[in-house]
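Input: a single structure, listed below in structure tokens.
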Amino acid sequence: MTDNDLLVKVSDAGLYKNGKWLVKGVNLNITKGKIVTLIGPNGSGKTTTAKIALGLYKNIEGTVERLTNKISYVPQKVSIDWTLPVRVIDFMVLTQDLQDQEINDALNLTSVEHLKNNNLRELSGGEFQRVLLARAIAKKPDLLVLDEPVQGVDFTGEVELYALIKKISETLQCGILLISHDLHVVMSATDYVVCLNGHVCCSGTPVAVAQNKEYKELFGEKSSQLLSLYEHEHDHVHDSDGNIVKEAK
Amino acid sequence: MFDDFLFRALIAGIGIAIVTGPLGCFVVWRRLSFFGDTLAHSALLGVILSISFDINISLSIFAVSSLVALILLRLQNTTNLAGDALLGLLSHSSLAIGLVVLGFLTFIRFDIMGVLFGDILSVNVNDLIIIWAGGAIILFVLWLIWKPLFASTVNYELAEAEGMNPKRVNAIFTILLAALIAISIKMVGLLLITGMLIIPCAMARNLSNNPKQMVVLSIIGGLLSVFVGLYASFEINTSSGPTIVTVAIILFILSLSRIRKKY
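Written out as structure tokens, the structure reads:
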């Protein structure tokens, strides 16, 4: 990793709110072309950590350095009030100016081109997530923050979208911070995993995290096997700097 | 032509309707109608200050409304009171203070009905200049901040994460609202200005499926209300503000038959 590959550096960050620490002591680096995944149980501070990385909180402990301004964000929840009539095509240009062709291409990538002129409120949960993802990638960002981007998407779609996310990180050479629950699918696309439970309980390559004792306690023996199982399909793993290291098994 | 009070009222009304359309849409989208009310109520204090110190009425209303808006933004950060309670607090305290001060001004003949409900007879050429120049500035600034304002209306955190400055555009929008109230009090009155802001937009929402269309339709709705309302108030001898708002509400009821419930 060279210094100019670094996009975001979160150092010892934490957020104290309403008398408790939402998350504490988080260190993580996001670099170009790499996917960092946050996992952890509900309330473990995944979304908070993502928002800290995005600079959405003013009073945090620690420091966050962001070395890019070309950021796309897919929030966990976007609700559109009935009073606000927004079509997919209006939503695509929400924070950016795009050519028609760019809009079509992005919608095409997430297979929702046919919904271009539909109102956002007409979309199903899965379709809406695809539109959110399309909007985020249309901007060709340096940094893409995805908070559970495939919630409500059907299983085949889920696999497809994770493959797409992986492809985007390679073609655009952008750094991705991904939050997800679907351990087995996520791991196939991840370079680095941060397992949260109010603090960083462990972090490293998928295979390293899977063998971590704390991870096993948090998610159970089964999910550990699941990850290791997945790793058998590969002939190498990456270390935290993205270099290829020998499989440990 | 400008000697005719009906013509002057018409020109004033057209100017105001063009500005209330787009601003009103944001008021509806951002659920700010009670906030508009609060600013309008504080305008009474502005009117009274303008009479007491003999300063320009629009300027004085703008100053007081902006001040109330800034106090609100400050209170939001310092207390845990809910938004509507804060608004009620500010709205009625400024109204009460205004009325108390009015009590001291026994030496001045003062038409409070005109301030509450608008008075077209009093619209002079100076007012027209203020309405059109002020309106042009409001629309120009709104045009400048349209994208970040709209983005932060759809999703605040998304807009902030992607490099827009929602806090700043929200504050600017608040000032624009105060300015609109300042230029339109004479025409519609402070009790009804919120109606003028939101009713044409509510009508437009029933007929539109995208934001720009909604803005255009609310301008058209506002213009229609002004035309028909002014004509009716002249013919049946009713006060202009309430008549214009009544026409707007009739248009809204008519629009319900074409409502796009699906979206």
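For the record, the sequence lines run as chains A and B.
Okay, so the first sequence: first residue is 1 according to our numbering, each after it adds one.
Okay, so the second sequence: first residue is 1001 according to our numbering, each after it adds one.
The beta-carbon is built from N, C-alpha and C at its ideal position, and this holds for glycine as well.
Taking 7 Å as the upper bound on Cβ-Cβ separation, chain A lies near residues R1205, S1208, N1209, N1210, P1211, M1214 of the stretch 1185-1216 of chain B. Taking C-beta atoms under 8 Å as the contact rule, N1210(B) and D90(A) qualify, at a distance of about 6 Å.
Partner residues in the beta bridge of C195(A), as assigned by DSSP, are I39(A), C202(A). Judged by DSSP secondary structure, T31(A) falls within the beta strand (DSSP E) whose first and last residues are 20-31. In the displayed model, K216(A) falls within a helix according to three-state DSSP. For L146(A), the three-state secondary structure derived from DSSP is strand.
In this structure, G175(A) lies near I30(A), with their beta-carbon atoms less than 8 Å apart. Boundaries of the beta strand (DSSP E) harbouring E61(A): 61-66, taken from the DSSP string. Shown here, V1226(B) sits in a helix according to DSSP, grouped into three states.
Boundaries cannot be given for Y57(A), as no beta strand (DSSP E) includes it and DSSP labels it neither H nor E.
For a Cβ distance threshold of 7 Å, residue set A1161, E1162, G1163 of chain B lies close to I71(A), ordered along the chain. In terms of Cα proximity to L1251(B), the closest of L1207(B), Q1213(B), F1234(B) is L1207(B). Taken through DSSP and simplified to helix, strand or coil, G175(A) comes out as strand. Per the C-alpha coordinates, the member of H199(A), I165(A), D191(A) positioned closest to V207(A) is D191(A). Per DSSP, the continuous beta strand (DSSP E) segment holding L15(A) begins and ends at 6-17. Beta-bridge partners of Y1156(B) (DSSP): none assigned.
Between the alpha carbons of L1144(B) and E1162(B) lies a gap of roughly 18 Å. Here W82(A) is exposed, its C-beta having fewer than 16 other C-beta atoms within 10 Å. Taken through DSSP and simplified to helix, strand or coil, I80(A) comes out as coil.
When 8 Å is used as the limit between beta carbons, N18(A) is near no residue of chain B, the shortest such separation being about 11 Å. Contacts with chain A at 8 Å (Cβ-Cβ) do not include V1115(B). The C-alpha of V26(A) lies about 14 Å from the C-alpha of Y57(A). Taking 3 residues as the shortest admissible run, the stretch 80-147 of chain A contains the following complete beta strand (DSSP E) segments, listed from N- to C-terminal end: 143-147. In summary, the residues of the stretch 1013-1034 of chain B whose CB is separated from some CB of chain A by less than 7 Å are V1028, W1029, in the order they occur in the chain. Considering only G1013(B), L1006(B), S1255(B), F1007(B), the residue with the shortest C-alpha distance to I1185(B) is G1013(B). In the DSSP assignment, V1123(B) falls outside any beta strand (DSSP E), carrying neither H nor E. Using beta-carbon distances, T1079(B) does not count as an interface residue toward chain A, since no partner is under 8 Å. Residue burial annotation: Y16(A) is exposed, with fewer than 16 other C-beta atoms found within 10 angstroms of its C-beta. Here R1074(B) is exposed: its Cβ has fewer than 16 other Cβ atoms, across all protein chains shown, within 10 Å. About 12 Å separates the Cβ atoms of G1118(B) and I1183(B), ruling out a contact at the 8 Å cut-off. Contact between F1034(B) and D1084(B) holds, with the beta-carbon distance rounding to 6 Å and staying under 8 Å. By the Cβ-count criterion, G1222(B) is buried, with 16 or more other Cβ atoms from all chains shown falling within 10 Å of its own Cβ. Nearest to K70(A) by C-alpha distance, out of C202(A), E160(A), L143(A), L164(A), is L143(A). Fewer than three pairs of CB atoms, one per stretch, sit closer than 8 Å, so the stretch 63-79 of chain A makes no contact with the stretch 97-106 of chain A. In the structure shown, I1108(B) falls within a coil segment according to DSSP collapsed to helix, strand and coil. In the structure shown, I1016(B) adopts helical secondary structure according to DSSP, grouped into three states.
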